[in-house]
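One structure below.
Number of protein chains: 2
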Amino acid sequence: MERRLNLEDVGRRAGVSRSTVSRVVNGGHVSSETKRRVEAVIAETGYRPHAAARSLASNSTGVIGLVIPSAAGTLFDDPYFGRLILGTSSATNEVGMTLALFLFGDGPDESSIISRVVTPGLVDGVIVTATTRGDPLIDHMQGANMPFVVVGRPDSAGSTFCVDVDNRAGARTAARHLAALGRSRPALIAAPSNTSAGIDRRNGFLEGLAEAGLSVEDRIEEGDWSQESGRTAMARLLAGQPDAVFVSSDRMAVGALRAVSEAGLNCPRDISVVSFDGIVPPDLTTPRLTSVVQPVTEVGERAVRLLTSVIGGAAAPEHVVFQTRLAVRESCGGAAPAETGA
Amino acid sequence: MERRLNLEDVGRRAGVSRSTVSRVVNGGHVSSETKRRVEAVIAETGYRPHAAARSLASNSTGVIGLVIPSAAGTLFDDPYFGRLILGTSSATNEVGMTLALFLFGDGPDESSIISRVVTPGLVDGVIVTATTRGDPLIDHMQGANMPFVVVGRPDSAGSTFCVDVDNRAGARTAARHLAALGRSRPALIAAPSNTSAGIDRRNGFLEGLAEAGLSVEDRIEEGDWSQESGRTAMARLLAGQPDAVFVSSDRMAVGALRAVSEAGLNCPRDISVVSFDGIVPPDLTTPRLTSVVQPVTEVGERAVRLLTSVIGGAAAPEHVVFQTRLAVRESCGGAAPAETGA
DNA sequence: GCCATCTTTGGGAGCGCTCCCAACCGTATT
DNA sequence: AATACGGTTGGGAGCGCTCCCAAAGATGGC
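Right, dumping it as structure tokens:
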């Protein structure tokens, strides 16, 4: 295996200097005749510039990191993260960069991964998601002099760049829809209250109910995003005889549907179900879930674009908020106000 | 923002040379007194070595690439890839490396991503998966002088390192189980025949049936891994009045179950269903799916370990084959030979 | 007390690239 | 004809690190 060739070698073969070859590769000003000759040599030799050398000299790696600090084991049971990865990956490819994935487990390796994330010369910037309230990761990033964008709404929202969906407005829409359907004993399966999405969806739903003169009273349970938690939460709620329930995530809603049928009840006849996410393929459940759809892929794409602008030196912290959309299907028992923006 | 500090700076502060600091960082031989002093400076200044410089000098990046050339849009509808990413990610972290993700879309960017994968100085090696028969990507990798490992069974299995599961034996087990249950009109929903998994599962199932003196006759359809394709395949198969069906993937099986119930039939009473993968959470379906379970996470982990050995200079192409396990649940209508190794 | 040996340390060379400045060419301007 | 000026090109310097060799100091055997 002969030595890899470098700019100098290519230049020698083409009868030009290293610098000229570099210009051809990077699109600088070169006479067309020279350019043609150099390109011929490149094609013939299969020369490819060395990424590490480039990074070192240009102080930019062309790599974006996606950091998901979650109990890794169950991460992909929720299609949310897959979609987010998809969105970031496609946007990353589009801008000609590479995506590095940092998934934290619960292991002792966690802190070593965190420090790897902020290693200089590894990535140009980082997208952080799935953080909880008061997550030390955010502080760590801020102290590390590494461009980053948060997906979600961090505590320190004022001083960081972030991309989020309007969880609150979306949940409010769900409440209004249920109220419009004439349901009077709504229940809530909330998402973890140590996440901004969990808090916002809960508050939004309660607000929406209040507008309609309704209340969940004690018909409220908190799940942990898992299907099983949705199921047990629903089973407990059933004691309060709700006629509607807003479940803060698709995945928990699948569990809730199961609990409903296990209790011998029928959805939507006995109880309307509306979920949040719109990620689980509708055909997966019977009845198909009515849900507040959030544009996850777009969020991922936008996060990448925002990050590139931060890397490019964007100054003022910017917040991007995507709106949700209510997709009415069978589980709510009525196509009342049709699909409507949130 | 002052200049990043480098080895030289740290050395100056600690009163030693660049080389000594390097030894402290990388665990070379240094007197304990010197070591203490240098470590103090590092802790105090928060010095972190520059990854690109390191890569350039040492000719090794510490990054592993995971390449999934699939129609990206539907990629994560199948939990398989999530699991695989999880497995590779955790093993990558364990060996102190970083994972880069290359997801191809169908876009025109595809070839540019392919070439990025083999860029020298970007990754040390690559794990390739989800390739089809005759996939040019494999050839491309072989020509590129880049260490790589294939997850699955490539055409050129003889000359490449790969990690696979014994699809054939697993499918055979499914056939035997169905036969043992007394089913006599088995059907097959195959996976795409341009993939080795599709071919092996089909052949394995047919072999297993033959051993038991059974045959699918014309009760065979091919799906495209999607839930919808499983549903339409099953709907068509129903005309042949099968009393059992082996579905080559969980996801297609979910669709098949739906078709069964839409036809007013009952699974498992009227028809036994056995699937392959064991990835969809059992509680997602009613009845819960009996399936041939493949250890996806372990496959991913093993692929990383194999790749590191290839990077380290492993010589003879090695094949790792994982065995599957039949998880008997309700969809097959009988706990006959219990859970059994394949 | 001298030389061989080991441990510890310093610094040169070089990885392959980008960035910048100077040199050079031919042509247009005065 | 002398000067000026774009368009091209070459090469020095340097990015921050690792690798290697040699120097210096410590130790021990004879």
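Read top to bottom, the protein sequences are chains P and W. Going by the numbering used here, the first residue of the first sequence is number 39, and it counts up by one from there. Going by the numbering used here, the first residue of the second sequence is number 39, and it counts up by one from there. We treat Cβ as the ideally placed atom computed from N, Cα and C, and that holds for glycine. Because the structure is a prediction, the values reported are computed rather than measured.
Residue environment, residue i, which counts as buried when at least 16 other CB atoms sit within 10 Å
i	result
W:P117	buried
P:L364	buried
P:Q265	buried
P:T58	buried
W:H215	buried
P:A235	buried
P:G143	buried
P:D204	buried
W:N131	buried
W:S416	An answer regarding residue 416 of chain W cannot be provided, because it is not within the stretch 39 to 380 covered by chain W.
W:A354	exposed
W:P224	buried
W:A403	Absent from the model: residue 403 of chain W. The displayed extent of chain W is 39 to 380, so no value can be given.
W:A89	buried
P:D288	buried
P:G251	exposed
W:G66	exposed
Distance, residue j Cα to residue i Cα
i	j	result
W:T170	W:L247	26 Å
W:V331	W:V189	17 Å
W:G379	W:P280	Note that W:G379 scores a pLDDT of 41, beneath 50, so its modelled location is shaky; the value from the coordinates is reported in the next line. If you take the alpha carbons of W:G379 and W:P280, they lie about 26 Å apart.
W:S136	P:V155	It should be noted that the sequence gives Thr, not Ser, for residue 136 of chain W. Rounded to whole angstroms, W:T136 to P:V155 spans 9 Å at the Cα level.
P:R56	W:S93	21 Å
P:T328	P:D115	20 Å
W:D47	W:I80	10 Å
P:V62	W:V161	24 Å
P:E259	P:S253	14 Å
W:G261	P:P319	18 Å
W:A229	W:R240	8 Å
P:P87	W:G159	9 Å
W:S153	P:S369	47 Å
P:T233	P:A209	15 Å
W:S128	W:V337	12 Å
P:F140	P:I106	6 Å
W:L219	W:V311	12 Å
W:R206	W:G316	15 Å
W:S108	P:E339	19 Å
P:F199	P:I165	10 Å
W:E356	P:V342	38 Å
P:L322	P:L295	12 Å
P:I309	W:R326	24 Å
Beta carbon proximity, residue i to chain P, threshold 8 Å
i	result
W:D177	no
W:H2	Absent from the structure is residue 2 of chain W, since the part of chain W shown begins at 39 and ends at 380.
W:G65	no
W:A91	yes
W:T157	yes
W:A168	no
W:G49	no
W:R154	yes
W:L43	no
Residue i at chain W interface by Cβ criterion, 8 Å
i	result
P:P355	no
P:D115	yes
P:G338	no
P:A291	no
P:G351	no
P:S128	yes
P:A341	no
P:G143	yes
P:T99	yes
P:L94	yes
P:G120	yes
P:R367	no
P:R326	no
P:L160	yes
Neighbouring residues, chain P, relative to residue i (Cβ below 7 Å)
i	result
W:Q265	P319 and D321
W:L219	What W:L219 touches in chain P: nothing, since even the nearest Cβ is about 26 Å away.
Listed by chain order, chain W residues near residue i by CB distance under 8 Å
i	result
P:I151	N131
Under 9 Å from the C-beta of residue i: neighbouring residues of chain W
i	result
P:L137	A138, L139, F140 and L141
Neighbouring residues, chain P, relative to residue i (Cβ below 8 Å)
i	result
W:T72	None at all; the shortest Cβ gap to chain P is about 23 Å.
Using a Cβ-Cβ cut-off of less than 9 Å, give me the residues of the segment 293-304 of chain W that come near chain P, in sequence order. G293, R296 and S299
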